[in-house]
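Take the sequence shown: its position 18, counting from 1, is numbered 59 in my numbering, and each next residue is one higher.
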Amino acid sequence: MVSQILSLAAKAKADIESATTSEAIDDIIKGFLGKNGGLGEILKGIKDLPDDQKKLVGPEANKQKDALLSFAEQKKSALAEAALTAALETSTFDPTMPGKKNLNLEQLGGLSPFTRMADKAVRVFEKLGFAVWDGGDIVNDFENFGALNFPDDHPAREMHDTFYVEQGYLLRTHTSTLQYHILKTKDFPIRAIVPGKCFRNEATDARHEAIFTQLEGIVVDTNITVTHLIATLELFLKEIFEEDVKTRIRPGYFPFVEPGLELEIHCLVCHGSGCRLCKGLGWIEVMPCGMIHPNVLKNAGVDPEKYSGFAFGFGLSRLTQLKYAIADCRLMYADDPKFLGQFQ
Ligand SMILES: [Zn+2]
């Protein structure tokens, strides 16, 4: 039986020697180890051998197997190296050619105002100790609604014109879909933001797009109050706009917060006298926010008697519009170099 193993190994080695692709080598190895005429078949017969033979066959089989596998690897890397050399020889790319001179740096492009705002917003929250979370665009109904205290058939679901996909999945209508997962970590104090794309089936106009980027944040710990919420958001706005921003709070309704609030800022375009952006009101809603509803905490297994927290969310394009006084948000996605060039 040992001689059978040796002759199998010698044949496989010779085949590998003459193989020209690594796929062919893999096939030879498969055949050598296989149960049809290969090592596998020989090993099946070991149990019927006398004891002294058994002691010889097992170790010899392993020795031949290891030797052949390492030979196959060597041959494969030799083949790969030869292929690379051949490719380099036929390539017309000349790495010694000098680079292009007189490159016009202005033609290189730059970041859109929207991207600048997104980066800046994330940096401000990172400075305040917030972790940045990311998640999928397609989520299930529970993550988007159920966990956030939108009961089935609740009219609040109508506020979100939702794109449904198949089998109970949908395109997330807000980045609050991660709240449940963040709360489940119970890694207190929780300070997290989730920037990301959201999808709502709405007609586009100067302030709305069917795809928009939202940044949502939550803070949860013991003794968190609405004072923390207001102070955090005012500090954030001051950093973003690089000036003191006048704010006011109004009540608002969102199923996942109680009380729900709307943070408004004094219009930075018209300074209160009224313009198209603020619809002539002088104030603009920028952030829905509020104290996280006890049901949302309970859904994630957090005790609302012990912990409290706040949540906020805002559309990044709205802030970008305010910061750069852009009247129509569609301009930011239109890729018009004349428009984008102003911000470089
Ligand atoms: Zn205004």
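Idealized CB from N, CA, C, for every residue including glycine.
These numbers come from a predicted model, not from an experiment.
Contact test: residue i Cβ vs ligand 1 heavy atom, cutoff 7 Å
{"i": "VAL310", "result": "yes"}
{"i": "LEU318", "result": "yes"}
{"i": "GLY315", "result": "yes"}
{"i": "GLY323", "result": "yes"}
Contacts around residue i, its chain only, beta-carbon distance under 6 Å, and the 5 residues preceding and following it disregarded
{"i": "LEU224", "result": "ALA341 and VAL343"}
{"i": "PHE229", "result": "ASP262"}
{"i": "ASP175", "result": "none"}
{"i": "LEU338", "result": "PRO345"}
{"i": "PHE134", "result": "none"}
Pair within 8 Å by beta-carbon distance, residue i and residue j
{"i": "ALA25", "j": "ILE57", "result": "Since the first residue of the chain shown is 42 and the last is 385, residue 25 is not available in this structure."}
{"i": "TYR348", "j": "THR263", "result": "yes"}
{"i": "TYR221", "j": "ALA188", "result": "yes"}
{"i": "PHE240", "j": "PHE282", "result": "no"}
{"i": "MET158", "j": "THR288", "result": "no"}
{"i": "GLY321", "j": "HIS307", "result": "no"}
{"i": "MET42", "j": "GLN94", "result": "yes"}
{"i": "LEU49", "j": "PHE73", "result": "yes"}
{"i": "LEU363", "j": "LEU309", "result": "yes"}
{"i": "ILE231", "j": "PHE351", "result": "no"}
{"i": "ASN336", "j": "ASN185", "result": "no"}
{"i": "CYS370", "j": "GLU199", "result": "no"}
{"i": "LYS116", "j": "ALA60", "result": "yes"}
{"i": "LEU110", "j": "ILE70", "result": "yes"}
{"i": "HIS334", "j": "VAL286", "result": "no"}
{"i": "ASP202", "j": "ASN242", "result": "yes"}
Chain-order list of residues whose beta-carbon lies under 7 Å from that of residue i (same chain, five-residue window excluded)
{"i": "LEU84", "result": "ALA102"}
{"i": "GLY151", "result": "GLN385"}
{"i": "ARG317", "result": "ALA368"}
{"i": "LYS161", "result": "ILE281"}
{"i": "GLY313", "result": "HIS307 and GLY323"}
According to DSSP, residues forming a beta bridge with residue i
{"i": "THR216", "result": "Looking at the DSSP assignment, THR216 forms no beta bridge with any residue, so it has no partner."}
{"i": "THR254", "result": "LYS238"}
{"i": "CYS370", "result": "None, per the DSSP bridge assignment."}
{"i": "GLU303", "result": "ARG291 and PRO329"}
{"i": "ALA352", "result": "ILE259 and GLY331"}
{"i": "TYR205", "result": "LEU211"}
{"i": "HIS249", "result": "ASP246"}
{"i": "ARG164", "result": "Per DSSP, none; premise fails for ARG164."}
{"i": "ALA233", "result": "ALA172 and ILE259"}
{"i": "VAL298", "result": "ILE333"}
Chain-order list of residues whose beta-carbon lies under 8 Å from that of residue i (same chain, five-residue window excluded)
{"i": "GLY354", "result": "HIS215, THR216, SER217, GLN255, LEU256, GLU257, GLY258, MET328, PRO329 and CYS330"}
{"i": "PHE206", "result": "Here residue 206 turns out to be Val, not Phe, going by the sequence shown. Cβ within range, chain order: ILE179 and LEU212."}
{"i": "ILE367", "result": "PRO154, THR361 and MET373"}
{"i": "VAL173", "result": "VAL163, PHE166, GLU167, ALA233, ILE234, VAL235 and PRO236"}
{"i": "PRO300", "result": "VAL267, PRO292, GLY331 and MET332"}
{"i": "GLU82", "result": "GLY75 and LYS76"}
{"i": "ILE290", "result": "ILE271, LEU302, GLU303, LEU304 and GLU305"}
{"i": "SER63", "result": "LYS117, LEU120 and ALA121"}
Practice task
Just list the beta strand (DSSP E) runs in the region 172-203, keeping only unbroken ones of 3 residues or longer that don't cross its boundaries, in chain order.
Solution key: Runs found: 179-181.
Practice task
List in chain order: all unbroken beta strand (DSSP E) runs of 3+ residues lying wholly within the region 85-123.
Solution key: Positions of the beta strand (DSSP E) runs, each at least 3 residues long and wholly inside the region 85-123, cannot be given because no such run exists.
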